[in-house]
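Comments concern the structure below.
2 protein chains.
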Amino acid sequence: MSETIGFIGLGNLGLPIARNLLASGYALKVYNRTASKAEPLLALGAQQVSQPRDALTRGGIVISVVWDDVALESIVMSEGFLEQLGPGGIHLSMSTIAPAAAQNLAATHAERGCYYVEAPVFGRPEAAAARKLWICLAGPSAPKERVRPLLEAIGQGVFDFGDTIGAATLVKLCGNFMGTAAVQAMIEVTGLAKKSGNDPTKVIDMLTQTLFSAPIYQSYGRVIAEDPERYSRGPIPLKDVNLFRETASQVESQTPLAHLLHTLLSPIRN
Amino acid sequence: MSETIGFIGLGNLGLPIARNLLASGYALKVYNRTASKAEPLLALGAQQVSQPRDALTRGGIVISVVWDDVALESIVMSEGFLEQLGPGGIHLSMSTIAPAAAQNLAATHAERGCYYVEAPVFGRPEAAAARKLWICLAGPSAPKERVRPLLEAIGQGVFDFGDTIGAATLVKLCGNFMGTAAVQAMIEVTGLAKKSGNDPTKVIDMLTQTLFSAPIYQSYGRVIAEDPERYSRGPIPLKDVNLFRETASQVESQTPLAHLLHTLLSPIRN
């Protein structure tokens, strides 16, 4: 496990993932736009670099976990990145982006003889810290096998969706859309319970112990029940529901629920 | 267990519930509008009657499982029903109706010294047959205790929501609304998967084994994945989503998702 891995993006998910890789014995060269976020990792032996390309080992593996297509593209297109990754090098991309953007990035990597492997992950930061991420994987076989030990060091399960880049990313968008729909349903349920004089927590507890006994309901349900009107979802659902509906729109697939959720989540309403 | 119980309504849920009560040793007097539906029960010892009131024992227990408010009210108001149920008699109502309608019915029963106890159930007909229903209960304490053995004979769990009629019915409406939202999300996910060249079953299997590992997703997901565009939901979701949004409207609780689902389910679209 002495191979040095590049690691780009130390946000809410990237940081605990990087920490677990260090704990599993991997050497890491880490890059983050805001350099101070790397500090907790330096004490654990990570080496910090000041440009994305400096995190790379020629022919090696670099992991990225960044916010969106734009951030990921700007890293890949940054000076010297693909040259330094070099032939046989693997970019293991864990960000949630559009499947079409992932396909474009894969083609860009292929032109330089590099591999792009997508491995978007499901799980909140606490799940990442506990190595409990669920990982969707797609890309060419040999590089997928090479990165598998890394994935097993950070998650509780890897689901392989084949060779075609975009297939794993699509599943990630589908899951985030379904989760956002579930959260909206719980907001309406707990709001009604409260306004009609019932205890929202009691309603949610019953439903999430029985028909809806799934992590997504249990982890969000109680928080929503505590204050249904003020529950705030952060920026991820809006971004990912938008990616879901745009992806559907490209293949003319009807998504009325995704459109409603996008409208409800859009800042103009607030 | 020799007490004779009245049983009204032998539909998809009523029939397996009645069968399980017979199997547990209860004597049943059964009534159904379409008399022929009672036939499978007669061989098991049930006695068929031709009017609702004839199913009742004075001061005894009658169970009803019917389609909606209108059907339930027409039974309660049918000639001689409340007189025959009599003081101390219990009407154990398992239908999914509006909480406000349940409250009105409870008041009507109370005027005659009868008890109305609500116990709407979650579960498909297969779950009812397997005694796997989840039961929401509300009503006055003493009659609730008296009917509890009946509920334990037909379900896998009873959740008591207190004395106030309507509280258990509200939970049932909330659960059916959340289930309908989950199904709509899966329809959009599997439709997108299919149209974008991915295998809908593989997508659903991954999601329902991980974040969405709940009965409602697992029981409907595979069926939807097989043919997302043609999946048909029957009349129950439309009825219950409509009750949910009407109930919310009475307390001015916002339910944009329920409104969308109601629109999508309304026959005018087909």
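Chains as they are written, first to last, in my numbering: chain A, 1 to 270; chain B, 271 to 540.
Every residue gets a Cβ at the ideal spot worked out from N, C-alpha and C, and that includes glycine.
Nothing here was measured: the structure is a model prediction, and the numbers come from that model.
For V511(B), the CB contacts under 6 Å within the same chain, skipping 5 residues up- and downstream, are F447, T450, A528, L531, H532 in chain order. For I204(A), the enclosing alpha helix (DSSP H) has its first and last residue at 200–209.
Along the region 214–245 of chain A, the positions whose C-beta sits under 8 Å from a C-beta of chain B are A214, P215, I216, Y217, F244, read in chain order.
Chain A has no Cβ within less than 9 Å of the Cβ of E381(B).
Where V62(A) is concerned, the enclosing beta strand (DSSP E) starts and stops at 61–64.
F351(B) is outside the set of residues whose beta carbon lies under 9 Å from a beta carbon in chain A.
Segment contact: the region 230–239 of chain A against the region 491–505 of chain B, fewer than three CB-CB distances shorter than 8 Å; contact not assigned. Taking C-beta atoms as the reference points, L56(A) and L15(A) fail to come closer than 9 Å. The straight-line gap separating the alpha-carbon atoms of V203(A) and A398(B) is approximately 22 Å. Under the three-state reduction of DSSP, F482(B) is assigned to coil, being neither helix nor strand. Interface annotation, M448(B): in contact with chain A, CB-CB separation under 9 Å.
Excluding sequence positions up to five before and after V319(B), its CB lies within less than 8 Å of the CB of K299, V300, Y301, A325, all in the same chain and listed in chain order. Q524(B) is positioned such that its CB atom lies closer than 9 Å to that of G191(A). Q250(A) carries a helical assignment under DSSP once its states are collapsed to helix, strand and coil. From the beta-carbon of Q254(A), the residues of chain B found nearer than 8 Å are E458, G461.
For A35(A), the closest alpha carbon among the candidates L22(A), Q51(A), P267(A) is that of Q51(A). Taking a Cβ-Cβ threshold of 8 Å, none of the residues of chain B is close to N104(A); the smallest such distance is about 16 Å.
Annotation for D430(B): the continuous beta strand (DSSP E) segment containing it runs 425–430. Contact of G175(A) with chain B is assigned, a C-beta pair being separated by under 9 Å.
Under a criterion of Cβ atoms nearer than 8 Å, the residues of chain B adjacent to K202(A) are, in order, F431.
When only Cα atoms are considered, M206(A) and G11(A) end up about 35 Å apart.
For N198(A), the chain B residues whose Cβ falls inside 7 Å of its Cβ are A437, L440, in order along the chain. CA-CA distance, E246(A) to A168(A), rounds to 16 Å. Chain A has no Cβ within less than 9 Å of the Cβ of M364(B).
Pairing A463(B) with I457(B), the inter-Cα distance amounts to about 10 Å.
Between the alpha carbons of S213(A) and K402(B) lies a gap of roughly 15 Å.
In the three-state reduction of the DSSP assignment, G221(A) falls in the helix class. Residues of the same chain with a CB within less than 7 Å of the CB of L312(B), apart from the 5 flanking positions on each side, are Q318 in chain order.
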